[in-house]
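Protein chains in written order, with the numbering used here: chain A, 511 to 988; chain B, 697 to 949.
Beta carbons are placed, not taken as given, at the ideal position from N, Cα and C, and that holds for glycine.
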Ligand SMILES: Nc1ncnc2c1ncn2[C@@H]1O[C@H](COP(=O)(O)OP(=O)(O)OP(=O)(O)O)[C@@H](O)[C@H]1O
Ligand SMILES: [Mg+2]
């Protein structure tokens, strides 16, 4: 079978380069002093520092969670540097002052930030290690009262808004990794869509880890006021390194009456090599609150990278008639492990949630879907539809499904479908016998399998997602 | 012209030698029938010619259009005109029959340096072929062989054969499991595709199909070797006497 599916002719990770740039890196280690230092570097107000310290003190008392279906060696939290920034801090007002190396880096990643090369229709916040280096189209957005900037800037410039919503969806003591993030988060994006405004551009943040021995702890907060709409997309990548790097992010979304937030992720952190050396530990807490009636939050994720993914973007459906959606494609190849899914908490009446999860395992990858649907007492006539499909490529990988359901209201309607399929050697041979290459056969099958999720992505990114999927599965068949 | 020349072919699967010295020459314009008892190695021969990775060639050679067939990858063989209609066609979820067929056609067209077909052009070209096998469009939007009945899978192989128009068609029991009408359809399709520049090798257990398709040669494969060859009258003889009378002399030798 050596010529078969197991044969791993590995395609190198295409985003694995390192940018040689002088960085201001805080020595490894975590303490109250380090947190004070980060807060000072960011020029934060006192209340922010206090919040961080509270989170830190809580974190110290929390055990690292190990209930997920992934295995990894101990993480040395004192061996990580919690702040790294390119030395020459650009002035955010003018792109001319951004280090050309940074502009070049993002351009190589397909994220042009220079005025004349920008992606039409997409405003980008580019985050490099611990800082945001540029945000495009700010003026265009500002004309409609939309705020889109780095969160560190929002803390300084819009403290009332940040203070009102930060931690209101994911409290600083929510879980171990969220608490850690709350203590040390460095940058991330802030978006605020005022009442009745339909954001004319896709908002997008691109996260790039560059420095070694650092962690990335970004924090994103999106607030959609009454009747507003926004579509937001995040992308990410990191250099190839032998060490494991920790990425513990928190994303909070707040949708008020009749507001809609569409949040899409294309996650392509370095996955590690075929032996499982290196790669990003991606421990992320993402949660959206449908606070208002008729509000809607829709999560779409395409997870192809990271050595370990631990993430459950969820929705708290508070407002009556609110809607939560989760569309996910998670790929694990080589030695990657993913434990991902969603939490839909129904509180309001007539709330609806839809879950479509597609897990693809190849190589020695392990893919777990873990989802919770909770219908609380007052949530009359709540509905959930869940569909969890797994696809296996080869026979050394695994797929696992843990759907938890907790229904406390007898008017709830729950539907659940699940399937597992396998791309076997015989299918590949059949395609080859008709002249179709193995790569094309797999990509046909996989894209067909993921169609329902890809159609949820903004057009500009659906193509990118398909391409990425092709790359991360390259070499998974003979 | 010689299309395929197999010499002393030995092949094994999971360490067991199944083909034990097969010799066979197929010229363009010919139809060969291969018959033989269950488990004698007929499908193994077909799979080896197509390049299935589970089988290992341990000795011998096969020249296809003068080139070393075993040096080519399965997809190269297919693109060069080798087609295998599988005894057990494989189902592929997530790809429609139409998409799969078009991918195959375009892979071959690309290889030949001709322009690839878009979905609309392709459907136009397909219309006529569909009629031949008596199908409507609904089969095209279904996943490849998924949920197809045994006979429908065989018909699907014939559809692919008709669309791809190979130089060397190897049909592995394509006539098994077909109703009488479908059998005639298969026979008609194969007859229609018969040209002076191509050839067909059909593995079959039934004399019946050979009354529709007139083979030029009939071979008996037993215990991994061709033990007897003849004209179409050999098929009739087998129909009456079975295989024992052929096997015996081999056992003595
Ligand atoms: N992939 C395989 N693994 C193990 N044994 C195999 C495999 N393929 C074929 N064999 C064995 O090789 C022998 C020949 O099988 P083959 O399928 O070629 O027979 P056949 O002549 O086509 O029979 P039938 O008329 O029943 O289709 C059988 O004993 C079979 O069990
Ligand atoms: Mg057979």
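Could you spell out where the beta strand (DSSP E) holding residue i opens and where it closes?
{"i": "residue 960 of chain A", "result": "Not the beta strand (DSSP E): residue 960 of chain A falls in the alpha helix (DSSP H), residues 948–964."}
{"i": "residue 727 of chain B", "result": "727–731"}
{"i": "residue 835 of chain A", "result": "833–842"}
{"i": "residue 723 of chain B", "result": "712–723"}
{"i": "residue 789 of chain A", "result": "789–800"}
{"i": "residue 761 of chain A", "result": "760–765"}
{"i": "residue 769 of chain A", "result": "Element bounds for residue 769 of chain A: n/a, residue is neither H nor E."}
{"i": "residue 817 of chain A", "result": "Unbroken run through residue 817 of chain A: none, as it is neither H nor E."}
{"i": "residue 853 of chain A", "result": "847–856"}
May I ask you to report which of helix, strand or coil DSSP gives residue i?
{"i": "residue 807 of chain B", "result": "helix"}
{"i": "residue 739 of chain A", "result": "strand"}
{"i": "residue 618 of chain A", "result": "helix"}
{"i": "residue 935 of chain A", "result": "helix"}
{"i": "residue 600 of chain A", "result": "Any reading at residue 600 of chain A is ruled out, since the residue's pLDDT is 47, under 50, leaving its predicted position unreliable."}
{"i": "residue 623 of chain A", "result": "coil"}
{"i": "residue 536 of chain A", "result": "coil"}
{"i": "residue 913 of chain A", "result": "strand"}
{"i": "residue 880 of chain A", "result": "strand"}
{"i": "residue 971 of chain A", "result": "helix"}
{"i": "residue 519 of chain A", "result": "Below a pLDDT of 50, predicted positions are generally treated as unreliable, and residue 519 of chain A, at 28, falls in that range; no measurement from the model is reported."}
{"i": "residue 752 of chain B", "result": "strand"}
{"i": "residue 557 of chain A", "result": "helix"}
{"i": "residue 846 of chain B", "result": "helix"}
{"i": "residue 779 of chain B", "result": "strand"}
{"i": "residue 944 of chain A", "result": "coil"}
{"i": "residue 728 of chain A", "result": "coil"}
{"i": "residue 738 of chain B", "result": "helix"}
Among residues of its own chain, excluding the 5 on either side of residue i, which ones have a beta-carbon nearer than 6 Å to its beta-carbon?
{"i": "residue 892 of chain A", "result": "856, 861, 885, 922"}
{"i": "residue 869 of chain A", "result": "840, 877, 879, 900, 909"}
{"i": "residue 724 of chain A", "result": "591, 594"}
{"i": "residue 747 of chain B", "result": "770, 773"}
{"i": "residue 757 of chain A", "result": "726, 790, 792"}
{"i": "residue 847 of chain A", "result": "580, 818, 876"}
{"i": "residue 835 of chain A", "result": "808, 864"}
{"i": "residue 924 of chain B", "result": "916, 942"}
{"i": "residue 662 of chain A", "result": "552, 697"}
Only counting the same chain, and skipping five residues up and downstream in sequence, which positions put a Cβ closer than 8 Å to that of residue i?
{"i": "residue 736 of chain A", "result": "705, 706, 766, 767, 768, 769, 802"}
{"i": "residue 600 of chain A", "result": "Low confidence applies to residue 600 of chain A: its pLDDT is 47, below 50, so where it sits in the model is not reliable enough to give any reading."}
{"i": "residue 837 of chain B", "result": "792, 793, 794"}
Residue i versus chain A: which residues are under 8 Å apart at the beta carbon?
{"i": "residue 803 of chain B", "result": "944, 945, 946, 947, 950"}
{"i": "residue 748 of chain B", "result": "939"}
{"i": "residue 770 of chain B", "result": "939, 942, 943"}
Which stretch, first to last residue, makes up the alpha helix (DSSP H) that contains residue i?
{"i": "residue 809 of chain A", "result": "That residue, residue 809 of chain A, is in no alpha helix (DSSP H); its beta strand (DSSP E) goes 806–813."}
{"i": "residue 908 of chain B", "result": "903–908"}
{"i": "residue 774 of chain B", "result": "770–775"}
{"i": "residue 547 of chain A", "result": "542–551"}
{"i": "residue 813 of chain B", "result": "Where residue 813 of chain B is concerned, there is no enclosing alpha helix (DSSP H), given that its DSSP letter is neither H nor E."}
Please compile the residues from chain B whose C-beta is within a distance smaller than 8 Å of the C-beta of residue i.
{"i": "residue 936 of chain A", "result": "786"}
Under 7 Å Cβ-Cβ, which residues of chain A neighbour residue i?
{"i": "residue 790 of chain B", "result": "955, 958, 959"}
{"i": "residue 856 of chain B", "result": "944"}
{"i": "residue 780 of chain B", "result": "943"}
{"i": "residue 799 of chain B", "result": "946, 950, 954"}
Determine the chain A residues that contact residue i at a beta-carbon separation under 9 Å, and present them in chain order.
{"i": "residue 904 of chain B", "result": "Here the premise fails: no neighbours, minimum Cβ distance about 27 Å."}
{"i": "residue 795 of chain B", "result": "954, 958"}
{"i": "residue 775 of chain B", "result": "945"}
Following a CB-centred definition, is residue i positioned closer than 7 Å to any heavy atom of ligand 4?
{"i": "residue 785 of chain A", "result": "Looking at this structure, you won't find ligand 4 anywhere; what it does contain is ligand 1 and ligand 2."}
Going along chain B, which residues have a C-beta under 9 Å from residue i?
{"i": "residue 900 of chain A", "result": "None at all; the shortest Cβ gap to chain B is about 12 Å."}
Within its chain, find whatever has a CB closer than 7 Å to the CB of residue i; leave out the 5 residues flanking it on each side and keep chain order.
{"i": "residue 621 of chain A", "result": "634, 636, 716"}
{"i": "residue 849 of chain B", "result": "785, 841"}
{"i": "residue 783 of chain B", "result": "739, 868, 869"}
Could you list which residues in chain B have their beta carbon closer than 7 Å to that of residue i, in chain order?
{"i": "residue 931 of chain A", "result": "789"}
Any 3 or more C-beta pairs closer than 8 Å across the region 535–545 of chain A and the region 558–571 of chain A: yes
With three or more C-beta pairs closer than 8 Å as the rule, is the region 810–826 of chain A touching the region 948–968 of chain A? yes
Measuring CB atoms only, is the region 749–760 of chain B touching the region 699–717 of chain B, in the sense that at least three cross pairs come out at less than 8 Å? yes
Counting pairs of beta carbons, one from the region 914–930 of chain A and one from the region 948–961 of chain A, are three or more of them closer than 8 Å? no
Does the region 914–934 of chain B come close enough to the region 721–741 of chain B to have 3 or more Cβ pairs within less than 8 Å? yes
Touching or not, the region 742–752 of chain A and the region 767–787 of chain A, by the rule of three or more beta carbon pairs under 8 Å? yes
Tell me, please, whether the region 827–842 of chain A touches the region 708–715 of chain A by the rule of three or more beta-carbon pairs shorter than 8 Å. no
Contact between the region 809–826 of chain B and the region 891–900 of chain B: three or more CB pairs below 8 Å? no
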